[in-house]
Amino acid sequence: MAKTTFLDAIRQAQEEELERDEKVFMMGEDIVCNVFGTTTDFAEKFGLERVRDTPISENGFIGAGAGAAMVGMRPIIDATISSFLFPAMDQIVSIIAKSRYIYGGQAKLPLVIRSCMFYGNSNAAQHSDRPYAMFMNVPGLKIIAPSSAYDMKGMLKAAIRDDDPVLCFEDSTCWMNKSELPDDPDFLIPLGKGDIKKEGNDISIIAVAGAVPIALKAAAKLEEEGISIEVVDPRTLVPLDREIICNSVRKTGRAITVDPAHQTCSAASEISATIVENVFDALKGPVLRVTTPDTHLPFSPDIEKPLYPNVDRICAAARQLMDARQTVSA
Amino acid sequence: MAKTTFLDAIRQAQEEELERDEKVFMMGEDIVCNVFGTTTDFAEKFGLERVRDTPISENGFIGAGAGAAMVGMRPIIDATISSFLFPAMDQIVSIIAKSRYIYGGQAKLPLVIRSCMFYGNSNAAQHSDRPYAMFMNVPGLKIIAPSSAYDMKGMLKAAIRDDDPVLCFEDSTCWMNKSELPDDPDFLIPLGKGDIKKEGNDISIIAVAGAVPIALKAAAKLEEEGISIEVVDPRTLVPLDREIICNSVRKTGRAITVDPAHQTCSAASEISATIVENVFDALKGPVLRVTTPDTHLPFSPDIEKPLYPNVDRICAAARQLMDARQTVSA
Amino acid sequence: MSQNRKNDRDLEKYRRMQRIRQFEDLAESIHAQGEIPGALHTYAGMEASGVGSCMALRDDDYMVGNHRSHGHPIAKGAKLRPLMAELLGKKTGVCSGKGGSMHLSDFSVGSLGETSIVGSGVPVAAGAALGAKMQGTGQVALCFFGDGATSEGAAHEGMNLAAVWKLPAIFVCENNLYGMSTPVANAVPVKDLADRAKAYAMKSFIVDGQDVDAVEAAVLEAAEYARSGQGPVFVETKTYRYADHAVNMGRDLTPRGGEEHEWKARDPLTLYRDRLEEAGVDGAMLDTIESEIADEVADALKFARDSEYPQQHEAFTDVFVDPVPMPAYLRA
Amino acid sequence: MSQNRKNDRDLEKYRRMQRIRQFEDLAESIHAQGEIPGALHTYAGMEASGVGSCMALRDDDYMVGNHRSHGHPIAKGAKLRPLMAELLGKKTGVCSGKGGSMHLSDFSVGSLGETSIVGSGVPVAAGAALGAKMQGTGQVALCFFGDGATSEGAAHEGMNLAAVWKLPAIFVCENNLYGMSTPVANAVPVKDLADRAKAYAMKSFIVDGQDVDAVEAAVLEAAEYARSGQGPVFVETKTYRYADHAVNMGRDLTPRGGEEHEWKARDPLTLYRDRLEEAGVDGAMLDTIESEIADEVADALKFARDSEYPQQHEAFTDVFVDPVPMPAYLRA
Ligand SMILES: Cc1ncc(C[n+]2csc(CCOP(=O)(O)OP(=O)(O)O)c2C)c(N)n1
Ligand SMILES: Cc1ncc(C[n+]2csc(CCOP(=O)(O)OP(=O)(O)O)c2C)c(N)n1
Ligand SMILES: [Mg+2]
Ligand SMILES: [Mg+2]
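As they're listed, the protein sequences go chains S, W, V and D.
Read in the working numbering, the first sequence has 205 at position 205, and its numbers run on one by one without any break.
Read in the working numbering, the second sequence has 658 at position 328, and its numbers run on one by one without any break.
Read in the working numbering, the third sequence has 911 at position 251, and its numbers run on one by one without any break.
Read in the working numbering, the fourth sequence has 1079 at position 87, and its numbers run on one by one without any break.
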């Protein structure tokens, strides 16, 4: 079977769902021209009614997605780069996350907001955000952050069919990753289920989005050093599969959380807190975080790239955990 | 000395700084009419040039604060209720937090954005946000969340004099709390320094904003049961005084983080992650979180109020920590 | 329209305006006594704006409103019991007690939200209009918002989108001269709010918001225009709120300039009653309507009072379609 | 103005336009070779809009721009070395290598940011105008933004605020017919972007954006109006960008409709050179200017190439006034 890229998995998922259900439609800035390759020929195939270029007004068209969803449509909204979610924050938080609740269940908001995370390529601070943690603090939003083409396709299709609003964060560092994809037009990966990307016994590495492939590389390297790593990919951040994480740490007794986002109040922090709260007795050492430090992302390439989690940093953390003395300075 | 409320401490801090420095000015919706009592007679005293009612356009006037600050002014922006920061998210994150950095230090943004946190009084989900954790995930924003009138005054004055942007979150449950305040017009509490609100030996309770007074009540009750509690108030959330937190836990060996905000990716989670990462060896049990569960805030009073941290929940967590068996189910 | 049908329709307008006024008067008084928690923004004085607008709509047309949320659903035909129960935070409330005074949205009459973040309803209404257009239902979506809301970016973006896409939307700007304490002239640089529509080359009307017939006529024309695919319409209703921004706050935040007397002299209910009587409607019939409404409102309050409060676990439903787990400490 | 001073000024306009064009041509070519990281949005074709606007300003007037950030600071008089060094990510760059192509903001010429979030500069400019007004300096703040940006809420809110407060601001909307791939007619419901100003009762001008004198005259009048306290002004410059939205992307995203030839036939540099020569300026003098600029640009590139890259610890300065700590793993 041919392998498909993460980017093409997005395209396929959308195309199949647009074909399956006429209530599904897409809108976003410059989607007709297919900037990143996730809407190839969509305008031709589905027409400009269902593939809509919007004015540059994220709060407006993302909010319009809510209204359309409330009257029976199933919008897929392409917000381009996740930094552009900030202008739309109010509609996402106050309307999309809360409408079903404040109206006591009268509203249903089946919509997907896609955005990619650009970082590591000199996009500078205003285009290098990975803001999923901010949305994790808001109830009412499902959040997915797949790391492989396989997960991407199955989860995006599930998200489009889900009756709740789903934010889909697409890590651009995964765009070219390839998987074999099943042919089944109903290939779905249920939201809320994590995945063990690699089994192991000594340390659980819980990695998020673009950190997963890096964690897998680190695991291979550590394996050579005789350290057996289990790599857990939550895949969905809300609802978070705390059970798969806790079960893994119960087994290994050691945990590292890896997240390409800024450290403070990150998904990595949440996972660490979950572990220490729930499986403390199993812990043989601290839960370490490998994240991006709390500085902005500079343009200049040589000082940008080292800021993100990488194989060396993960390996260093793993070795530290396997050592006898296990404290880190504050 | 007469005691002053938290609300009046805000007023005093602003009034003194408006008097001291003519570059300081205020803007916000309906501040002239002094809705909550933090701007009493300001329009008369300082004139409508320096006390400006704005159109209802948070992104616009908060962004204008950035522009005014860049040209030498020192705005205090009253955003009323913290839920109204969402429409202004883009100016706060993309402009205010990042401008100094992306321009390589050419810009300086001395401004304060105040907002109060309304919750616990049937304000319903769209007016019950406590979103500081979202902003903690964004580098470039200092964040304060004082819990007493004393801290409020000293920290707000320090924030107004600070050359970086500061978000000031004012917990409405603290509004009527009173302290004796020093007369000194230069009474300042440095940002970034936590405070031990009560010393103790068995458990460190690290509490945020409105959770501090509740933690102190719980501590008093637990003391009667023979459990000695140390209450740590970080006061500033960015930069977070990780040292005072870790030192306290090094001493007590047990920790509870208490935060009135939603649990996932909360300040409480960050503090827990910090503890387990840095002082694991000292820990005698899990780090427990007492927070608001990840649901929206309902209007109906009887089902809203129990959602917030309270004395009973803190006491239960403390007793659990002092027990022999210390695991919690996931 | 036959005289009979016109009569029925006119009486219905009067009935709905009365329903709003009496509902608001009662709500204000029980709020003062602490029976309604939270803030209460009443619609008294603005009845003609809401009722005129909604009477011009089809039953299945959509409507989005704002924090001043009681009048809109009543104008659109909502039953009072679930609305009053909502104000009291009861399980039988239209939002199951989760929304309260700022969110009296009744989806059964086509309401898609009364949202308390100023300006935030506008994109939602544009989206509902888009959904109607794509599904070819012929419905329109009407959005109520205030003068103050026009300064919000959300309002701008929503109206711009509707104009670019020629969506069947009607934007009813209820200009009641103030946003909270702020006179419209201090917050808005244009004389007429309808001037905002020029930024979108959008058709607009300015209408006497105290005159329910005038509002109805304007919105009827707007609805026809929008429904026929020509694009959205902006309707400014010049009106006035009688009470403070929110009631029972201890002091009136609104710095009235003496204009309140003029406006009260043109009370929409009185104006309309006079017009009906002049047109030959029997005053006794109108009295009957008023007392029927009084009964309805009293019945709604009784229903609300007799209803149960929601249970703790209900705080965990409707976050998503499936309930989220309730923590153990609340199960006790 | 004496003929000499007018001459100097005219030559300076030509010089700045040449500086932009040659800077952009060079930047595009070294970007193609991979010497500039990230995306590059060039200003070629739009020189008259930037230069005409900035030449109408005082040196100490403020300016805010957008992602298409190279032309604005050059138009305002910035030196080329720090700009080119910034494109290469060097420590000597105007933003110390932290901003890059979308942020060539030179505060020494009054620039207060070139921000890459569409529309986000408008509130900042309003705020700078407010600061100038409150400090009584007589400065104005000019904001450049595109046709596409006018759909953003931020632009609406910033302009509304400036209008309500009568701030000394000039909003220059550079209408280059497209926002990325989207023709203006698909994104904006008005024919002229200047119609947006009507929502704020704001004075507005529409000007030929290829004619540097016309732009200068309009902005001069706008600046005088704004400076005198009468309020902000909206200036639409009708112009055109030659290259794709961002250069060297492998394919042109912009679905040109054949209009590019017409626009290139009215190239702002050629138009102006012709006008100067017609007015008697010696062609040889203009040639000299062009070759001086070529040297300047080459010198800037040499400077940039010879400069050092920032060091890792510099990624941790300028988050706040005081540096934030650099983690141990980066210290190696
Ligand atoms: C985004 C936002 N900002 C501020 C508020 C606080 N607020 C509630 S109503 C109101 C005034 C609204 O004025 P207008 O739109 O004219 O409606 P009116 O109350 O006059 O009917 C304000 C400022 C809010 N709810 N949301
Ligand atoms: C908030 C936001 N949305 C989208 C983008 C992506 N984007 C960058 S430039 C651009 C087009 C801008 O068009 P216009 O304002 O006309 O300026 P031009 O590029 O034509 O000079 C878009 C959509 C962005 N940077 N910021
Ligand atoms: Mg109003
Ligand atoms: Mg453009």
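Note that CB positions come from ideal geometry on N, CA and C, so glycine has one too.
Bounding residues of the alpha helix (DSSP H) (the contiguous stretch that carries residue i)
{"i": "L18(S)", "result": "6-20"}
{"i": "M677(V)", "result": "663-692"}
{"i": "I406(W)", "result": "Premise fails: I406(W) lies in the beta strand (DSSP E), 404-411, not in any alpha helix (DSSP H)."}
Residue i: contacting residues in chain D (beta-carbon distance under 9 angstroms)
{"i": "S387(W)", "result": "P1115, G1145, H1148, E1149, G1150, N1152, L1153"}
{"i": "A859(V)", "result": "T1142, H1148, P1181, V1182, D1187, R1188, A1189, K1190, A1191, Y1192"}
Close beta carbons around residue i, own chain, < 8 angstroms, minus the five adjacent residues each side
{"i": "P987(V)", "result": "none"}
{"i": "R325(S)", "result": "Caution is warranted here: a pLDDT of 44 is assigned to R325(S), below 50, making its placement in the model unreliable, and the coordinate value is therefore given only provisionally. Excluding residues within five positions, none has a Cβ falling inside 8 angstroms."}
Contact set between residue i and chain V, taken where Cβ atoms lie within less than 7 angstroms
{"i": "D1139(D)", "result": "Correct list: empty, because the minimum Cβ distance to chain V is about 12 angstroms."}
{"i": "V365(W)", "result": "L913"}
For residue i, the first and last residue of its enclosing beta strand (DSSP E)
{"i": "P260(S)", "result": "255-262"}
{"i": "Y1234(D)", "result": "No beta strand (DSSP E) contains Y1234(D), which DSSP labels as neither H nor E."}
{"i": "V1056(D)", "result": "1054-1058"}
{"i": "K863(V)", "result": "863-868"}
{"i": "A549(W)", "result": "No beta strand (DSSP E) holds A549(W); the alpha helix (DSSP H) holding it covers 541-554."}
{"i": "G773(V)", "result": "771-775"}
{"i": "A43(S)", "result": "It is not in any beta strand (DSSP E) - A43(S) instead sits in the alpha helix (DSSP H) that spans 42-50."}
{"i": "V166(S)", "result": "166-171"}
{"i": "S115(S)", "result": "112-117"}
{"i": "R572(W)", "result": "No beta strand (DSSP E) contains R572(W), which is instead part of the alpha helix (DSSP H) from 572-582."}
{"i": "M1318(D)", "result": "Where M1318(D) is concerned, there is no enclosing beta strand (DSSP E), given that its DSSP letter is neither H nor E."}
{"i": "I361(W)", "result": "That residue, I361(W), is in no beta strand (DSSP E); it is neither H nor E in DSSP."}
Neighbour list for residue i in chain S, Cβ cutoff strictly below 7 angstroms
{"i": "Y431(W)", "result": "A125, H296"}
{"i": "I1022(D)", "result": "Chain S residues near I1022(D): none, gap ~14 angstroms exceeds 7 angstroms."}
Residue i: contacting residues in chain S (beta-carbon distance under 8 angstroms)
{"i": "L1322(D)", "result": "P293, P306, L307"}
{"i": "V1030(D)", "result": "Reading the sequence as shown, one finds Gly at residue 1030(D) and not Val. N121, S122, N123, A124, F299, listed in chain order."}
{"i": "A1215(D)", "result": "Result: empty, since nearest Cβ-Cβ is about 28 angstroms, beyond 8 angstroms."}
Beta bridge counterpart(s) of residue i as assigned by DSSP
{"i": "E560(W)", "result": "S534(W)"}
{"i": "C645(W)", "result": "Per DSSP, none; premise fails for C645(W)."}
{"i": "A801(V)", "result": "Y722(V), A829(V)"}
{"i": "K3(S)", "result": "E180(S)"}
{"i": "K472(W)", "result": "V496(W)"}
{"i": "Y703(V)", "result": "According to DSSP, which records beta bridges pairwise, Y703(V) is partnered with nothing at all."}
{"i": "D525(W)", "result": "D563(W)"}
Interface residues of chain W facing residue i [CB-CB closer than 7 angstroms]
{"i": "Q972(V)", "result": "I633, P636"}
Spatial neighbours of residue i in its chain, beta-carbon cut-off 7 angstroms, leaving aside the 5 residues before and after
{"i": "A692(V)", "result": "N908"}
{"i": "A647(W)", "result": "I586, L618, V620"}
{"i": "P131(S)", "result": "S82, L85"}
{"i": "D90(S)", "result": "N59"}
Interface residues of chain V facing residue i [CB-CB closer than 9 angstroms]
{"i": "D459(W)", "result": "Result: empty, since nearest Cβ-Cβ is about 11 angstroms, beyond 9 angstroms."}
{"i": "A646(W)", "result": "Y989"}
Residues near residue i by beta carbon distance below 6 angstroms, same chain, minus five either side
{"i": "F280(S)", "result": "none"}
Proximal chain W residues relative to residue i, where beta-carbon distance stays under 8 angstroms
{"i": "V1311(D)", "result": "R430, Y431, P469, G470"}
Could you tell me whether the segment 890-898 of chain V touches the segment 863-880 of chain V, using the rule of 3 or more Cβ pairs below 8 angstroms?
-> yes
Hey, is the segment 1039-1050 of chain D in contact with the segment 1169-1180 of chain D, meaning 3+ C-beta pairs nearer than 8 angstroms?
-> no
Using 8 angstroms as the Cβ pair cut-off and three pairs as the minimum, do the segment 389-396 of chain W and the segment 42-58 of chain S touch?
-> no
Tell me, please, whether the segment 67-84 of chain S touches the segment 437-448 of chain W by the rule of three or more beta-carbon pairs shorter than 8 angstroms.
-> no
Does the segment 722-733 of chain V touch the segment 926-938 of chain V, meaning 3 or more C-beta pairs lie closer than 8 angstroms?
-> no
So, do the segment 430-439 of chain W and the segment 1081-1094 of chain D have three or more beta carbon pairs nearer to each other than 8 angstroms?
-> yes
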